[in-house]
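Residue numbers (our numbering): 1 to 123. We put the beta carbon where it would ideally sit given N, CA and C, even for glycine.
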Amino acid sequence: MPQLSVWYFRTAILFLIAGICVGLYMSITHQFEATGAHAHINLLGWVTMSIFGLYYAFNPMQAASRIAKIQYMVYTLGILVMGPSLFLMLTGNTALEPVVAVSSLVTFAGVLLFAVILFTRKA
Numbered sequence: 001m002p003q004l005s006v007w008y009f010r011t012a013i014l015f016l017i018a019g020i021c022v023g024l025y026m027s028i029t030h031q032f033e034a035t036g037a038h039a040h041i042n043l044l045g046w047v048t049m050s051i052f053g054l055y056y057a058f059n060p061m062q063a064a065s066r067i068a069k070i071q072y073m074v075y076t077l078g079i080l081v082m083g084p085s086l087f088l089m090l091t092g093n094t095a096l097e098p099v100v101a102v103s104s105l106v107t108f109a110g111v112l113l114f115a116v117i118l119f120t121r122k123a
């Protein structure tokens, strides 16, 4: 399996753990304001990263490309910043809205890079 797939799967499981922790926190405290952050961490972190990892596992030539590694770094950075800042914003720290906005755009840039890989690279 390509190293990039391993990176994606390892990072995805860490996001799943983080998403479960957010869900447990909300359940224990009965404070559900951060439901959006919980969903983003799980869907963008766990599910989407697992799908990226599967794609690269089945396309090892693309996983070896420089753009694929850049895509991993950009996408991961976006979620690493967006998840906690969105959680904090939704739980009352509205000053983090610009951080959420910028990190959302960074995450989207990672998705766009993946689209470039899908549409321009040979399988």
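Buried or exposed by the 16-neighbour rule on C-beta atoms within 10 Å, applied to residue i
i, result
"S27", "exposed"
"H30", "exposed"
"V116", "exposed"
"G92", "exposed"
Opening and closing residue of the alpha helix (DSSP H) in which residue i lies
i, result
"L112", "E97 to T120"
"H30", "Segment: none, H30 is in no alpha helix (DSSP H) and carries neither H nor E."
"T68", "Here the sequence assigns Ala to residue 68, which means Thr is not the residue at that position. Where A68 is concerned, the enclosing alpha helix (DSSP H) stretches over R66 to L90."
"P60", "P60 to A63"
Identity of the residue in the options nearest residue i by Cα
i, options, result
"R10", "F52, E33 and S103", "F52"
"Y56", "G45, A68 and W46", "A68"
Distance CB(residue i)-CB(residue j) smaller than 8 Å
i, j, result
"L113", "V74", "yes"
"G36", "L86", "yes"
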